[in-house]
Every structure is written in structure tokens, then in C-alpha cells.
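Some notes on the structure that comes next.
2 protein chains.
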Amino acid sequence: MKIIVDAFGGDNAPLEVLKGCRMAADELQVSVVLTGDEAAIRKCAGENGISLDGMEIVHASQVMDMEADPTEIRTAYRDSSMAVGMRLLADGQGDAFVSAGSTGAFVVGASTIVRRIKGIKRAALAPIIPSAGGKFALVDCGANVECRPEMLVQFGIMGSIYMEKILGVKNPRVGLVNVGVEETKGDELRLETYRRLQLAPVNFIGNVEARELPKNGCDVAVCDGFTGNVILKLTEGLSSALIGQIKGVFYKNIGTKLAALCLKKGMMEFKKTMDYTEYGGSMLIGISKPVIKAHGSSNAKAFKNAVRQAARIAGEGVIPEIEKALAQMKETGGEA
Amino acid sequence: MKIIVDAFGGDNAPLEVLKGCRMAADELQVSVVLTGDEAAIRKCAGENGISLDGMEIVHASQVMDMEADPTEIRTAYRDSSMAVGMRLLADGQGDAFVSAGSTGAFVVGASTIVRRIKGIKRAALAPIIPSAGGKFALVDCGANVECRPEMLVQFGIMGSIYMEKILGVKNPRVGLVNVGVEETKGDELRLETYRRLQLAPVNFIGNVEARELPKNGCDVAVCDGFTGNVILKLTEGLSSALIGQIKGVFYKNIGTKLAALCLKKGMMEFKKTMDYTEYGGSMLIGISKPVIKAHGSSNAKAFKNAVRQAARIAGEGVIPEIEKALAQMKETGGEA
Chain A
1 MKIIVDAFGG
11 DNAPLEVLKG
21 CRMAADELQV
31 SVVLTGDEAA
41 IRKCAGENGI
51 SLDGMEIVHA
61 SQVMDMEADP
71 TEIRTAYRDS
81 SMAVGMRLLA
91 DGQGDAFVSA
101 GSTGAFVVGA
111 STIVRRIKGI
121 KRAALAPIIP
131 SAGGKFALVD
141 CGANVECRPE
151 MLVQFGIMGS
161 IYMEKILGVK
171 NPRVGLVNVG
181 VEETKGDELR
191 LETYRRLQLA
201 PVNFIGNVEA
211 RELPKNGCDV
221 AVCDGFTGNV
231 ILKLTEGLSS
241 ALIGQIKGVF
251 YKNIGTKLAA
261 LCLKKGMMEF
271 KKTMDYTEYG
281 GSMLIGISKP
291 VIKAHGSSNA
301 KAFKNAVRQA
311 ARIAGEGVIP
321 EIEKALAQMK
331 ETGGEA
Chain B
1 MKIIVDAFGG
11 DNAPLEVLKG
21 CRMAADELQV
31 SVVLTGDEAA
41 IRKCAGENGI
51 SLDGMEIVHA
61 SQVMDMEADP
71 TEIRTAYRDS
81 SMAVGMRLLA
91 DGQGDAFVSA
101 GSTGAFVVGA
111 STIVRRIKGI
121 KRAALAPIIP
131 SAGGKFALVD
141 CGANVECRPE
151 MLVQFGIMGS
161 IYMEKILGVK
171 NPRVGLVNVG
181 VEETKGDELR
191 LETYRRLQLA
201 PVNFIGNVEA
211 RELPKNGCDV
221 AVCDGFTGNV
231 ILKLTEGLSS
241 ALIGQIKGVF
251 YKNIGTKLAA
261 LCLKKGMMEF
271 KKTMDYTEYG
281 GSMLIGISKP
291 VIKAHGSSNA
301 KAFKNAVRQA
311 ARIAGEGVIP
321 EIEKALAQMK
331 ETGGEA
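Here is the structure:
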């Protein structure tokens, strides 16, 4: 399996990318292709004692600017490490692509360079979010701020296949994020999506309220990208704020510090269940080849896990399975 | 100050309502008018040793059905405890109204029986949400699933006055909940609202991402009711899920239980800062008289605090202040 990695994407590039790729090359059955300024990659690796043995480098002279118009990935930034990596993938010179760079450029680049699966209206970002006693795929979490019902239905189908194939969840429970559980709740988008999801080839459990998401209320949470982005960021912000406040309780005085010491093991385990780096990155589902958007602040471990995830998606045939589901829906006259 | 309270609203009615009203009548400078089935109120009070001294009861033969079409508050449920309370308020037989009943019926009833402030497009629910080191008003949190820019601008103005008058926040920071901080982010609704909020008579600090909300990122979070509902419910659900998981760490074995004991005081203080019952209920802002929607699962303390909050809103002249701001905007040619 050959995974292409954007060496210049994210806040900690290229050092953490290189470290993560080294770990991936050593620990997993993958070979890595790095894209980016070759001299800078070799210099960073040399200065930090990271061996590049067995890794290929494909030179790219630019880095995609986080502030740039995402569509410029095809024009002003066509020689960026992200654009070059996507072209390699499109040309069949690798099995999957990973980047922690600009989300907007990633979505535009993947949709236009690698291209969408035939019949898919829009690609969607699908991070895996830990919940009490489980985890769920949040689709879409920001690729599309405005959505139509047929897009949301496809998000549900693709998310379901992803959870089954990659996370091993049998018959994933697909929920529509809404302001109430009754099917009469929500705006026109939710009402129509509800009707269509009932006919889709997924285990649709109806509307799910946001309060149930952290309590294992569903395996696939379907929503527009605006709502998904709010859910993802609020989950991140609230978790870290609450943990910060609890730390304040722990570090109040000598007595509480000693007490906290006894709880350390349990708290570490708890924090691990909440750690997004465990799940790698967000698959951009709906693209014809596996593309993984790693979190902008990814560290080496997160990059390694994103590479692992990319390899699994390629190996488990998630994309052919999505194509099959779409074809079946067409045959049976179901709309997608 | 005379506060009208729906004795049959919420999961714990009428017992917790009566207990809370007793506490309010004893501890605060208010008199209470209860609406609902008089015999049932007297029976519940008698059985539970709650004195109704100094409280007035206005009989209402019905209870608003949680499942009913909210507009039926004016037809099939016109003699419900909620409708009767709202008519008393509209007729000037009290200074404010509190109910923990159906949110939909509450919004429809308040908008059509008590009526909106002249010039206000839509009323909005504005709960106060605790955050690390502060608190913020979330406007709207569910009264309007679909919104136009002029509505959101008014939510910002009203929320700002509310935070200043009732929570004592000087020059409240008004933020627009969005998927990024740049003014080019979001859908048409966000783009246009951003432009208009820049001209509004508030301290507009620009877009705010959901991850900043729990970290005191703004004092007034402006959003459509769909997004606000997701934020409120996710905050509730995630907080309780995380606290549940931490409890699991504490109660693991004898050692951790002893350690947890040392942290009890701090944890109790922490939990208190997160307790929604401290802030009473959500003001439905934009209505011409003070109406407070208490949480459906309110206990006696939450009802007492909602009565206190209702009295403060009436006493501090929040509504005249909103009317003044609207009049000023009209004079200066500002749009609202």
C-alpha cells in the first residue's frame, strides 16, 4: 500500500509530518510518498535525525496558503504540496492521500483533481467523534455549509458504509441531527431528508437531538456542514474547557494534588477515549479515491494514525462499496 | 411585583412549581399568581404541606398538551394554564409570566396573546449558558428554526440589552456564531448578518466559532434557532456525559473513592458553576412583557430562580430599553 502525504500541511509541518510518516513506515505495512519542497524536507529530516529510508519524495515548490481562495489550488497554487499530492493520487501513483492543510482547498482539490464518485452530489467530511461508550461519524462537518436533502441522504449512506467497513460497527444506526425527535420537527431540509432517509438502504433511526450525540445516540450523525462544524468545534471546546476546570479543582492545594495523583491512571484512560488523534483524520467521503484530512494541529501520532486509516480505507474497499450502494439504489428506483 | 406562574408546566408540575413558588414568596419581594386546576393545586399543596398563603390562584381547566400543535394554545387549549396565564399578563394583571410547559406553545402564545414589541420581527429564546470564567446569552436557541438576517440583528441587540441589564455585563461582546472567524465565512444568512451587525448599536466582535463559546468567547452568541438548539442540547449532553465518565473514574475502587472525597468540595463548586438552574429560565426576548420559559425538567429551586429572574426583568426595565434601542435605530436610519 502506498500512501501519499502532504509534508507541508498543518500547523506542525513538516517536522511532525515526517516523524509520523517515519512511525507509519516502521510500524505499518505501508510505503510513504512525501510531497513538498525536497530540500526543505531533507534538511528538516537531517536536523532532527529522522531517516527518510524507504520514503519517496515528489517535489512541490509551493505550500497552499491557508488564507487563499480554495479554488486557487488549481491555479495560483497548482504546484503546492497539496495539489501535487492530489494529482499523484488521481494518476494512480498511490492508493490514498493525507493532508493537514487548508480544509477549503482540500475539499475543492479533492473534488476537482481526484474527482467525486459518479452520482455523488457533494463530498462530505466525516470525522469520528468519541462518545460515552462509543463513537460516531459526523457527516458533514464542514465541507458544505449549505445542503440539499439528496446530499444529506448520500451522507447517511456513505457514513454508514464507512462505519461498518472501517470501525466495524454492524448495521450502523443513522440519525438525522434535528431539534426534536418527532418527524414533524425542523426546517424544510430536515423534513424532506427525513422522508428520503426512510427509503434509503441504511438503518435509519430517525431524528437525533444533539444532547444524545455524546451519549452514543447514533453511529452516523447526518447534518449540513454548518451544523456539523458547530458540533465538532463545540465538542472540542467544551471538552477542553471542562477538563481545564477539573484540573483547576485537582491543582487547588497539596491535599487535592495528592488525591489527583491517585486518580491519574483513570483520568489518563478517560482522556485517551476523548483523544481525536486516536482516530487519525476525517475521511472526505464521496471522492473516488481515499483522501484523509488530518486535523490542522496534528502531531506525529495523529499523522501516523491518519496514514493507517488511509491504508485501511484503501484496503477495505470502502469506495467500491459506496459505488455499489449507489448502483443498487438506481436499480431499485430509490433516489439518492 | 406580581409574577404569574403556570402551575401545570413541566415534567415536575405541579409539586415542584408549588414548592418553588413558596420559596419565592418567602424569600423574594414578590407575590405569586398560580394558574391551573384550582382543586388539584390545593390538593397537591395540602398533601405536601405547602402553604399557599399570600398566593392567588386563577383557575384553568386544561393543561397544554406537549404533543399538540402549538397554535392550538389559542383554540383547543385556550383554557390551559399556560394560555390563561398569558391572558392575565396581557391584561395587566401581573408583571411577568413563567412557565415550564411546551416551548412551541409558549412561543406561539407569547407572540400572539401577549404580543411582540412593535418593530420586532420574531421573539427569540435566550438562555444563559455557563462558560469557563463567564456566561453567555444564546439567542435564538430554538424559537425560530429558520431566520433572516434582520431577525438575527435584532437578536443581537436584544441579547446585548439583556446581558447588560440583568447579568450586569458592561458593553457585552456580541458574536455571530459561524464556521470561521473571517467575515467571508458561512452561508448567505451569516454574510448578510455580519454586514448588518457591524452597523447595529452593539459591541459586535465579529464571528465566533463554536469552540470559543465554552471559553468565554463572547457575552451574546447570535445564531438561528436550529443552530442554537444544537448548541444548547450538545452543551447539556456533553457536560453530563463527561461528568458521568469522570464519576466512573472516581468510583473505580476504594482508593479512588477516598481520593474523590478530598476533591468533593471543589467538584461541587465546579458543578454549581455549570448548573442551569442557577440562572432560572430562558427569557423569550422580543415580547412586550416579560415571559420566562423555565426548563421542562425544572425543580423547585429552578422555579424559584425563574420567578426571581422574571421579577428582575420587569424591575430593571429590559423591555422599555429594547423599545428605546429600536426607536433610536429608526431615527438614525439604521435598519433592524
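Chains A and B are the protein sequences, given in the same order. To convert, note that position 279 of the first sequence is 279 in my numbering; the numbers rise steadily by one, no gaps. To convert, note that position 291 of the second sequence is 291 in my numbering; the numbers rise steadily by one, no gaps. A virtual CB, placed ideally from N, CA and C, is assigned to each residue, including glycine.
Residue i classed as buried or exposed, judged by whether at least 16 other C-beta atoms fall within 10 angstroms
i, result
"B:Asp-95", "buried"
"A:Tyr-251", "exposed"
"A:Pro-290", "buried"
"A:Ala-336", "Note that A:Ala-336 scores a pLDDT of 49, beneath 50, so its modelled location is shaky and nothing firm can be said."
"A:Ser-131", "buried"
"B:Asn-171", "exposed"
"B:Leu-326", "buried"
"B:Thr-193", "buried"
"B:Gly-255", "exposed"
"B:Met-268", "exposed"
"B:Asp-91", "exposed"
"B:Lys-293", "buried"
"B:Ala-105", "buried"
"A:Pro-320", "exposed"
"A:Arg-22", "buried"
"B:Thr-277", "buried"
"B:Glu-164", "buried"
"B:Lys-19", "buried"
"B:Ala-39", "exposed"
Listed by chain order, chain A residues near residue i by CB distance under 7 Å
i, result
"B:Asn-229", "Val-179"
"B:Glu-209", "Lys-233"
"B:Lys-293", "Those do not exist, as B:Lys-293 stays about 15 Å from chain A at its closest Cβ, beyond 7 Å."
"B:Ile-73", "Chain A residues near B:Ile-73: none, gap ~17 Å exceeds 7 Å."
"B:Gln-328", "Simply none; closest approach about 32 Å."
"B:Gly-255", "Cys-262"
"B:Gly-142", "Val-179"
Beta-carbon neighbours of residue i, restricted to chain B and to distances below 8 Å
i, result
"A:Ser-131", "Ala-241"
Neighbouring residues, chain A, relative to residue i (Cβ below 9 Å)
i, result
"B:Phe-136", "Those within 9 Å of B:Phe-136 in chain A number zero; the least Cβ separation is about 12 Å."
"B:Thr-193", "Neighbours of B:Thr-193 on chain A: none; closest Cβ ~13 Å, over 9 Å."
Under 7 Å from the C-beta of residue i: neighbouring residues of chain B
i, result
"A:Val-249", "Leu-263, Gly-266, Met-267, Phe-270"
"A:Gly-237", "Ala-210, Arg-211, Glu-212, Leu-213, Pro-214, Lys-215"
Neighbouring residues, chain A, relative to residue i (Cβ below 8 Å)
i, result
"B:Gly-296", "Going along chain A, no residue has its Cβ under 8 Å from B:Gly-296, so there is no contact; the nearest lies around 12 Å."
"B:Ile-128", "Those do not exist, as B:Ile-128 stays about 16 Å from chain A at its closest Cβ, beyond 8 Å."
"B:Asp-187", "Val-145, Glu-146, Phe-226"
"B:Gly-206", "What B:Gly-206 touches in chain A: nothing, since even the nearest Cβ is about 16 Å away."
"B:Gln-245", "Ala-132, Phe-270, Thr-273"
"B:Lys-252", "Gly-266"
Pair within 8 Å by beta-carbon distance, residue i and residue j
i, j, result
"B:Val-338", "B:Ala-124", "The structure shown has nothing for residue 338 of chain B, since chain B only spans 1 to 336."
"B:Ala-210", "A:Gly-156", "no"
"A:Val-17", "A:Ala-7", "yes"
"A:Val-318", "A:Val-98", "no"
"B:Ile-117", "B:Ile-3", "no"
"B:Ile-231", "B:Leu-242", "no"
"A:Lys-233", "A:Asn-207", "no"
"A:Ser-102", "A:Pro-127", "no"
"A:Ala-143", "A:Arg-122", "yes"
"A:Ala-110", "A:Met-86", "yes"
"B:Val-107", "B:Thr-35", "no"
"B:Ile-166", "B:Ile-41", "no"
"B:Gly-280", "B:Asn-305", "yes"
Under 9 Å by beta carbon: chain B residues contacting residue i
i, result
"A:Thr-277", "Residues of chain B passing the Cβ test: none, with the nearest at roughly 17 Å."
Contacts that residue i makes with chain D (C-beta to C-beta distance below 7 Å)
i, result
"A:Ala-259", "The question asks about chain D, but that chain is absent: this structure's protein chains are A and B."
Integer-rounded CB distance, given that residue j should sit under 8 Å from residue i
i, j, result
"B:Met-64", "B:Ile-57", "Their Cβ separation, rounded to whole angstroms, is 18 Å, which puts B:Met-64 and B:Ile-57 out of contact at 8 Å."
"A:Asn-12", "A:Ser-297", "7 Å"
"A:Phe-226", "A:Val-145", "5 Å"
"A:Val-174", "A:Cys-223", "About 12 Å separates the two Cβ atoms, so there is no contact after all."
"A:Gly-10", "A:Met-82", "Not quite, the Cβ-Cβ distance comes to about 11 Å (not below 8 Å), so this is no contact."
"A:Ala-200", "A:Val-153", "5 Å"
Secondary structure, alpha helix (DSSP H): runs of 4+ residues fully inside the stretch 227–273 of chain A
254–262, 264–273
Going residue by residue through the stretch 132–165 of chain B, where are the continuous beta strand (DSSP E) segments of at least 3 residues, counting only ones entirely within it?
134–139
Which runs of the beta strand (DSSP E) spanning at least 3 residues fall entirely within the stretch 20–64 of chain B, listed in chain order?
31–36, 56–59
Which parts of the stretch 53–119 of chain B are runs of the beta strand (DSSP E), unbroken and 3 residues or longer, counting only runs that do not cross its ends?
56–59, 96–99
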